[in-house]
Amino acid sequence: MDSVAMAWLGSGLAIGLAAMGTGFGMGFMVGKGLEGVSRQPEAAGAIQRLMVMGIAFVEALALYALVIALFLAFKA
Amino acid sequence: MRSLVDPIDHLQLHSLLQLSVAGVRLDITQAVLFMWIGCGVLVTMFLLASRQTAVVPRGMRVVLEVLLLFIREDIVKRTMGIHGIRYFPVIATLFFFILVCNWVGLVPLPRSYTATSNISVTAALALFVFVLVQVEGVRIKGIRGYLRGFIPEGVPSMLLPLMVPIEIISLVARPFSLAIRLFANMLAGHILILVFIGMATTGFWLLKAVPLLGAAVMSLFEIFVGLVQAYIFSMLTAIYLSEAVGES
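Those protein sequence lines, which keep their order, are chains A and B.
The numbering of the first sequence is the numbering used here, which starts it at 224 and goes up by one.
The numbering of the second sequence is the numbering used here, which starts it at 202 and goes up by one.
Structure representation (structure tokens):
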């Protein structure tokens, strides 16, 4: 395999694996958030705000991977 | 058939006016232009809103007051307490500037550009926050207190050669993560919208509706993302400031 193909493969793998990990993380986070809201509906506002903040942090990890993937894709 | 929309060309920075001052290139690029447009929108909006003299606000002023109250109560006071109100203007300015830059880029004009989807813009913002936090930390706590911040409390002195470099690394990593989070969020959203639009320009006409719908939904989602990212950026600035200034 030449280096161009490797770079494209790497960029695909980078974003795919990152999306998998982020998906797990976000799934846990939203699941726990929903659990908390259903248990204590009056705290929904606070839980939702913290959850959105946490999601933004987790999402950022996938986006770092996206930047790497784009670098790899355009280097090729 | 190749797509008519090239996402990469659309996201590249085009120079509108070549300028160079003392050998340094200071081109007026799209990012600069759209930051100016954003500033103009903000200034006109706030000037118009502050011209109202009635006790009960109307129109745009309601939205701005709600946002400002949110920043003051939920971002500044919650993290820094009542003394943090000194930093309310800078945090509100950062919030509104990032918000407007995120949203101005979403207006579907032929050459519209999101200034915050450029790493240079977000890096400059993050660098500003970094310098502000360090300067305020030294000013409030003094140079000794500032340096003591690198030594975590309750750590055995054997571990210090390990802990201090980790603290320094985590300090230096902050502006990077601030800059890349905002930049990557805005870039990813716009690439997605552009890819959808690119799909809509190719292929069988009946199938074009699906990506067009996708582009519309993503544009709506980007409005939300722009708001959340502005919130995250200002919230993190407030948290960093409260850490640097705390216990005063």
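For every residue, glycine included, the Cβ atom is placed at its ideal position computed from N, Cα and C.
Taking F247 of chain B and S435 of chain B to be in contact with their CB atoms under 8 Å, please state how far apart those CB atoms are, rounded to whole angstroms. Incorrect: roughly 17 Å between the Cβ atoms, too far for contact.
So, helix, strand or coil for L407 of chain B, using DSSP? helix
Anyone know if the C-beta pair for S443 of chain B and M281 of chain B falls short of 7 Å? yes
Please decide whether I433 of chain B counts as near chain A, where near means a Cβ-Cβ distance under 7 Å. yes
C-alpha gap between F405 of chain B and P412 of chain B, whole angstroms: 12 Å
On the DSSP bridge list, what partners appear for S321 of chain B? DSSP output for S321 of chain B lists no bridge partner at all.
Three or more beta-carbon pairs under 8 Å between the stretch 262-281 of chain B and the stretch 289-307 of chain B, yes or no? yes
Residues sharing a beta bridge with V221 of chain B, DSSP: The residue you asked about is not Val; residue 221 of chain B is Ser in the sequence shown. Paired residues: B:R226.
Do you know whose CA, among A:G277, A:A279 and A:A237, lies nearest A292 of chain A's CA? A:A237
When DSSP labels each residue in this structure, what does S313 of chain B get in the three-state scheme? coil
Taking the beta carbon of P366 of chain B as the centre, do at least 16 other beta carbons fall within 10 Å, making it buried, or is it exposed? exposed
Cβ-based burial, E423 of chain B [other Cβ within 10 Å; buried from 16]: buried
For the 8 Å Cβ check, are there 3 or more pairs between the stretch 374-384 of chain B and the stretch 311-324 of chain B? yes
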